Amino acid sequence: MRFRTSPGANERDVAFREFAWQRAASLHRSAYLLCGDWHLAEDLVQEALAKAYVHWRRVQDADNPDAYVRRILVNEARRRWRRKDAPVPRAEAATDRAEPDWSEDVVRRAELFEALLRLPAGQRATIVLRHLDGLSERETAAALGCSEGTVKSQASRAMAALRKYIESQEAKA
Amino acid sequence: MNPNIETLLAQDLRELTAHQVPGPDLDAITRRGRALRRRRMGIAGVGGTAVTAAAPRPLPTERSVPHTR
Numbered sequence: 001m002r003f004r005t006s007p008g009a010n011e012r013d014v015a016f017r018e019f020a021w022q023r024a025a026s027l028h029r030s031a032y033l034l035c036g037d038w039h040l041a042e043d044l045v046q047e048a049l050a051k052a053y054v055h056w057r058r059v060q061d062a063d064n065p066d067a068y069v070r071r072i073l074v075n076e077a078r079r080r081w082r083r084k085d086a087p088v089p090r091a092e093a094a095t096d097r098a099e100p101d102w103s104e105d106v107v108r109r110a111e112l113f114e115a116l117l118r119l120p121a122g123q124r125a126t127i128v129l130r131h132l133d134g135l136s137e138r139e140t141a142a143a144l145g146c147s148e149g150t151v152k153s154q155a156s157r158a159m160a161a162l163r164k165y166i167e168s169q170e171a172k173a
Numbered sequence: 001m002n003p004n005i006e007t008l009l010a011q012d013l014r015e016l017t018a019h020q021v022p023g024p025d026l027d028a029i030t031r032r033g034r035a036l037r038r039r040r041m042g043i044a045g046v047g048g049t050a051v052t053a054a055a056p057r058p059l060p061t062e063r064s065v066p067h068t069r
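Top line first, the protein sequences correspond to chains D and G.
Counting from 1, position 96 in the first sequence corresponds to residue 96 in my numbering; the numbering is continuous, with no gaps.
Counting from 1, position 61 in the second sequence corresponds to residue 61 in my numbering; the numbering is continuous, with no gaps.
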């Protein structure tokens, strides 16, 4: 399916809408792992893309427009986490399916999701950008506005925390 | 980092997000973007007016001082 343009849309709007149409699904998935809720994720993506619309010229001129918008998304997610009334992310993935499938893989993924949502914001964003979005360390650093060294250390800490959490869950079972 | 663990992690993250994502509401996004832009321009406008009002007036130059004679 192709994106729709509204009647009377100018060239700028058409270019933006095409960009948003192509990136929205991927941003939505990343946002879900950042906040733990599909509806909040949708709102996060809308806000991030609305901000991209405001700064469209800058997005277009960026070396990597996709990384630029992901940076807006991560910053928006962080801004919401900092708010006192922000909802605490909760895992919904394991119960979100029509027919529960309690195979080993599903349980492992549910535990991974729980562990991911317990990570500090920066570490979680690093894992999502590196391993879901498939960005390189350099691209992740650009998207997070930090150095490649910070990305490496955040990823290493996050992996250690994920492993520790999953092992502790397995020991309990 | 162990490449096998990385591959498994990437696979699991993809599975966790293997959900039918609705298409973006482009009209809502552009409306929100325009509203944001208007708000920002409004704030910038008010800020600019305030700065102009608070700015010190230039000292009168010889030419601007009216001749009293």
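C-beta: ideal position from N, C-alpha, C; glycine also.
Just so we're clear, the structure is a prediction, and the values are computed from it rather than from any experiment.
{"query": "Cys-35 (chain D): first and last residue of the uninterrupted alpha helix (DSSP H) it sits in", "result": "11-35"}
{"query": "For Ala-94 (chain D), the three-state DSSP class (helix, strand or coil)", "result": "Its pLDDT being 46, under 50, Ala-94 (chain D) is placed unreliably by the model, and the measurement read from it follows with that caveat. Correct three-state label for Ala-94 (chain D): helix."}
{"query": "Same chain, Cβ closer than 8 Å to Thr-7 (chain G), neighbours up to 5 away in sequence not counted", "result": "none"}
{"query": "Rounded Cβ spacing between Val-21 (chain G) and His-28 (chain D) (contact assumed at less than 8 Å)", "result": "5 Å"}
{"query": "Classification of Lys-51 (chain D) by the beta-carbon crowding that lies within 10 angstroms, buried from 16 upward", "result": "buried"}
{"query": "Distance between beta carbons of Arg-157 (chain D) and Gln-123 (chain D), contact taken as under 8 Å", "result": "6 Å"}
{"query": "Contact with chain G by Ala-98 (chain D), beta-carbon distance below 9 Å", "result": "Residue placement at Ala-98 (chain D) is poorly supported in this model, since its pLDDT is 48, which falls under 50; the coordinates are not used for a value here."}
{"query": "Cutoff 7 Å; reference Arg-118 (chain D); Cβ partners in own chain excluding five residues on either side", "result": "Tyr-165"}
{"query": "Pairwise C-alpha distance: Asn-10 (chain D) and Leu-127 (chain D)", "result": "A small correction: the amino acid at residue 127 (chain D) is Ile; Leu does not occupy that position in the sequence shown. Going by the C-alpha atoms only, they are around 38 Å apart."}
{"query": "Residue nearest to Arg-14 (chain G) in terms of C-alpha spacing, selected from D:Ala-24, D:Ala-160, D:Ser-30", "result": "D:Ser-30"}
{"query": "Nearest-angstrom Cα separation, counted from Asn-75 (chain D) out to Val-54 (chain D)", "result": "16 Å"}
{"query": "CB contact check: Arg-80 (chain D) to chain G, cutoff 9 Å", "result": "no"}
{"query": "Below-9 Å beta-carbon distance, Ala-20 (chain D) vs any chain G residue", "result": "yes"}
{"query": "Distance between Asn-64 (chain D) and Glu-137 (chain D) (C-alpha atoms, nearest Å)", "result": "14 Å"}
{"query": "Unbroken alpha helix (DSSP H) run spanning Thr-126 (chain D), endpoints", "result": "121-127"}
{"query": "Where the stretch 105-124 of chain D meets chain G: residues whose CB sits under 9 Å from a CB there", "result": "Asp-105, Val-106, Arg-108, Arg-109, Ala-110, Leu-112, Phe-113, Leu-116"}
{"query": "Rounded straight-line distance, which links the Cα of Gly-145 (chain D) to that of Thr-95 (chain D)", "result": "With a pLDDT of only 47 at Thr-95 (chain D), under the threshold of 50, the placement of this residue in the model should not be trusted; the figure read from the coordinates follows. Spanning the two alpha carbons is a distance of roughly 35 Å."}
{"query": "Span separating the alpha-carbon of Leu-36 (chain G) from that of Arg-58 (chain D)", "result": "16 Å"}
{"query": "Proximal chain D residues relative to Ile-43 (chain G), where beta-carbon distance stays under 8 Å", "result": "Residues of chain D passing the Cβ test: none, with the nearest at roughly 12 Å."}
{"query": "Extent of the continuous alpha helix (DSSP H) to which Val-151 (chain D) belongs", "result": "148-172"}
{"query": "7 Å Cβ cut-off: residues of chain G touching Lys-164 (chain D)", "result": "Chain G residues near Lys-164 (chain D): none, gap ~13 Å exceeds 7 Å."}
{"query": "Assigned secondary structure, Thr-30 (chain G) (DSSP; H/G/I helix, E/B strand, else coil)", "result": "helix"}
{"query": "Whole-angstrom C-beta distance between Ile-5 (chain G) and Leu-49 (chain D), which should lie under 8 Å", "result": "No, Leu-49 (chain D) and Ile-5 (chain G) are not in contact; Cβ-Cβ is about 33 Å, not under 8 Å."}
{"query": "Asn-64 (chain D), DSSP secondary structure in three states", "result": "coil"}
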